[in-house]
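The next block holds one structure in the form of structure tokens; read it before the comments.
Numbering (our numbering), first residue to last: 1145 to 1279.
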């Protein structure tokens, strides 16, 4: 089934192993053959992965984009175990990601990781609010 992609001016997209940046105008195109696609809004750059959940997203991106996802999946498992030990409330989010990985659906696993990032953000905000104010 063809995939229609619309890009804003300057927006990036990864299709397969090719990174594409749109020109100065809005554009649309159709990908007619099955390929792995990530829009710029879905990408977490390694330089931006400043929390464990975002590092999980980077590992899942690699698992999705690489032909052999074994190493990236192994990295995910290590990170996921560390996150669950540090924040047990993250277990349902990790379980949802793992379920999709086990089914071979790397894209949906990556999408599910957004919920983990949001949960982590709530935990960090709560911890910050509870931290004593430094003088």
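C-beta: ideal position from N, C-alpha, C; glycine also.
It should be emphasised that the depicted structure is a prediction, and the values quoted were computed from it without experimental measurement.
Reference residue 1186, options 1208, 1177, 1195 and 1170, closest by Cα: 1208
Could you name the residues that DSSP lists as bridge partners for residue 1233? DSSP lists no partner for residue 1233.
So, is residue 1256 buried or exposed, given that buried needs 16 or more other C-beta atoms within 10 angstroms? buried
Taking contact to mean at least 3 C-beta pairs separated by less than 8 Å, is the stretch 1162-1172 in contact with the stretch 1212-1221? no
Alpha-carbon spacing of residue 1170 relative to residue 1154, whole angstroms: 8 Å
Neighbourhood of residue 1268 by C-beta, 8 Å cutoff - its chain only, sequence neighbours within 5 removed: 1195
What distance in whole Å lies between the Cβ atoms of residue 1174 and residue 1148, which are believed to be in contact at a cut-off of 8 Å? 5 Å
When burial is assigned at 16 or more other CB atoms within 10 Å of the CB, is residue 1262 buried or exposed? exposed
Straight-line CA distance for residue 1274 to residue 1258? 24 Å
Taking residue 1280 as the reference, give the member of 1200, 1159, 1237 and 1145 with the closest Cα. Absent from the model: residue 1280. The displayed extent of the chain is 1145 to 1279, so no value can be given.
Kindly indicate which three-state DSSP category residue 1188 falls into: helix, strand or coil? coil
Any idea what DSSP makes of residue 1210, helix, strand or coil? coil
Taking the beta carbon of residue 1192 as the centre, do at least 16 other beta carbons fall within 10 Å, making it buried, or is it exposed? exposed
What would DSSP say about residue 1155, mapped onto helix, strand or coil? coil
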